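Start counting the sequence shown at 1; every next residue gets the next number (full-length UniProt numbering). Quick reminder that beta carbons are idealized off the backbone N, C-alpha and C, glycines included. Here the structure is a predicted model, which means the values were calculated and not measured. Below is one structure, written out as structure tokens; the observations come after it.
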Amino acid sequence: MATMAVATCSLVNRYAFATRSPRSPSSSARAAPRQVPSISASPPPPPPPLKKKVLVPIGMGTEEMEAVIIVDVLRRAGADVLVASVERELEVEASSGTRLVADASIADCADEIFDLVALPGGMPGSVRLRDSEILRKMTIKHAEEKRLYGAICAAPAVVLMPWGLHRRKQITCHPAFMDKLPNFRAVKSNIQVSGELTTSRGPGTTFQFALSFVEQLFGCTLAEDIAKILLMQIDGGRQRSEEFNKVDWSFDHTPHVLVPVANGSEEIEVVMLVDILRRAKVDAVVASVEKSLQIVGSQNIKIIADKSLSDASKSTYDLIILPGGVAGAERLAKSRILKRLLREQKEVGRMYGGICSSPAILHKQGSNSHSSSLCYWPAYWQSN
1 MATMAVATCS
11 LVNRYAFATR
21 SPRSPSSSAR
31 AAPRQVPSIS
41 ASPPPPPPPL
51 KKKVLVPIGM
61 GTEEMEAVII
71 VDVLRRAGAD
81 VLVASVEREL
91 EVEASSGTRL
101 VADASIADCA
111 DEIFDLVALP
121 GGMPGSVRLR
131 DSEILRKMTI
141 KHAEEKRLYG
151 AICAAPAVVL
161 MPWGLHRRKQ
171 ITCHPAFMDK
181 LPNFRAVKSN
191 IQVSGELTTS
201 RGPGTTFQFA
211 LSFVEQLFGC
221 TLAEDIAKIL
231 LMQIDGGRQR
241 SEEFNKVDWS
251 FDHTPHVLVP
261 VANGSEEIEV
271 VMLVDILRRA
281 KVDAVVASVE
291 KSLQIVGSQN
301 IKIIADKSLS
311 DASKSTYDLI
321 ILPGGVAGAE
331 RLAKSRILKR
341 LLREQKEVGR
351 MYGGICSSPA
361 ILHKQGSNSH
371 SSSLCYWPAY
381 WQSN
């Protein structure tokens with residue numbers, strides 16, 4: 001496990017205003033025994049390091065942004081992340097209606113050993129996790145063995161406290177649940193690292209939460225590299241100073257938004273777009289361009305779309321917005337139905353747009369002619 005000394009690695013502080021409590025000694029943090037020099041002239045090469053194993057359990061009503069961001073970021077770091085359902089089925093409907101498909105049931109991995117157990121929040125998702133007896137036993141045993149564990153949003157108060165895993169730890173959680181925490185242990189910080197336990201506040205702090213685990217498992221350098229890839233704001237970052245292509249965003253009806261998806265789409269972008277729009281009471285429709293409603297995102301997270309693009313194309317949308325992911329954007333670009341919808345959208349003056357690599361696709365098709373656009377720069381330069 002990478003050392004988390006603030007003096008040498010300040011990534012979490014830079015992103016999350018984190019506070020830390022002293023970490024108790026653990027087997028994973030002890031110094032390795034001194035190696036005895038081999039008498040062999042040609043010692044065999046050391047075996048490759050084992051992948052860090054991470055468990056992310058989900059249940060009905062889990063906060064989809066939190067679950068997907070945790071899984072995505074840790075998989076980018078090279079962790080072997082298992083998404084496990086505490087429900088009878090692998091398919092789980094999350095708190096804002098996104099349907100996720102777990103890799104396994106919690107019963108299937110009850111005997112496995114993980115380096116990290118990370119609990120997403122959401123309601124009633126946190127209650128569903130709390131009520132899973134298999135997960136409870138796994139997590140308590142995991143914590144007793146001084147392995148890393150964490151919880152975010154409602155989960156610290158709703159899950160960890162009934163399980164007794166908050167004792168002698170400083171913790172934080174979603175502001176709506178702060179009054180459930182012991183006053184002398186509650187900390188109002190975005191990230192709180194207390195020994196083997198890491199807690200955080202909600203969807204808006206999940207990137208920081210996930211990067212904290214990358215730092216603890218793999219070290220600060222990799223965490224910083226992933227933060228750069230994700231274009232996270234560093235020390236305030238570059239803020240938008242000008243709005244391009246100004247339009248009237250007001251509507252006299254519930255806005256209808258289409259989010260087309262494909263295999264290889266950036267699942268973080270899909271889930272964040274849809275979750276935030278639905279919180280704003282927008283009718284957001286996720287439509288698959290694939291033959292199946294289930295798509296596999298760029299980090300192998302399985303999402304089930306609301307309908308096929310063919311069925312979705314029978315309706316009119318106030319906004320069509322394309323998620324990124326190079327492979328996903330390329331598959332979107334090959335969809336004749338989507339090309340027609342974008343062309344019609346442009347002709348009648350309705351809004352459309354994209355994020356990450358998808359603006360490059362719009363550029364190729366001429367959909368953003370006479371408009372200024374931004375794009376994830378590696379994808380843009382590869383496309384021009």
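| Asked | Found |
| --- | --- |
| Could you compute how far the alpha carbon of residue 125 sits from the alpha carbon of residue 95? | 7 Å |
| With residue 339 as the anchor, note down where its beta strand (DSSP E) starts and where it stops. | Looking at the DSSP string, residue 339 is not in any beta strand (DSSP E); the run it does join, the alpha helix (DSSP H), is 336-347. |
| Roughly how many whole angstroms lie between the Cα atoms of residue 254 and residue 350? | 15 Å |
| What's the gap between the Cα of residue 422 and the Cα of residue 114? | The chain is shown only over 1 to 384; residue 422 falls outside these bounds and no answer can be derived. |
| So which of 98, 77, 66, 51 has the shortest CA-CA distance to residue 228? | 77 |
| Considering only C-alpha positions, which residue in the set 175, 140, 261 is nearest to residue 394? | A question about residue 394 goes unanswered here, because the residues of the chain that appear run from 1 up to 384. |
| From this set, 316, 231, 322, which residue's C-alpha is nearest residue 264's C-alpha? | 322 |
| Where do the N-terminal and C-terminal ends of the beta strand (DSSP E) with residue 85 fall, by residue? | 80-85 |
| Would you identify the three-state DSSP class for residue 111, choosing helix, strand or coil? | coil |
| Residue 301: which of 325, 309, 356 sits nearest, CA to CA? | 325 |
| For residue 260, name the three-state secondary structure that DSSP assigns. | strand |
| Under the assumption that residue 207 contacts residue 232 (Cβ atoms under 8 Å), give the Cβ distance between them as a whole number of angstroms. | 6 Å |
| Which class does residue 130 belong to by DSSP, given the choice of helix, strand or coil? | helix |
| Thinking residue 81 and residue 54 are a contact (beta carbons under 8 Å), I'd like their distance in whole angstroms, please. | 5 Å |
| So what does DSSP say about residue 65, is it helix, strand or coil? | helix |
| Among 188, 314, 219, 327, which one has its Cα closest to the Cα of residue 205? | 188 |
| Over what stretch of residues does the beta strand (DSSP E) that includes residue 288 continue unbroken? | 283-288 |
| Hey, out of 164, 137, 154, 194, whose CA is closest to residue 171's CA? | 194 |
| Can you check DSSP and say which residues form a bridge with residue 99? | 93, 304 |
| Can you find at least 3 beta carbon pairs, one from the stretch 287-294 and one from the stretch 352-360, that sit closer than 8 Å? | no |
| For the structure I just gave you, are there three or more beta carbon pairs, one from the stretch 148-161 and one from the stretch 173-190, closer than 8 Å? | yes |
| Can you check whether the CB of residue 295 is closer than 8 Å to the CB of residue 305? | yes |
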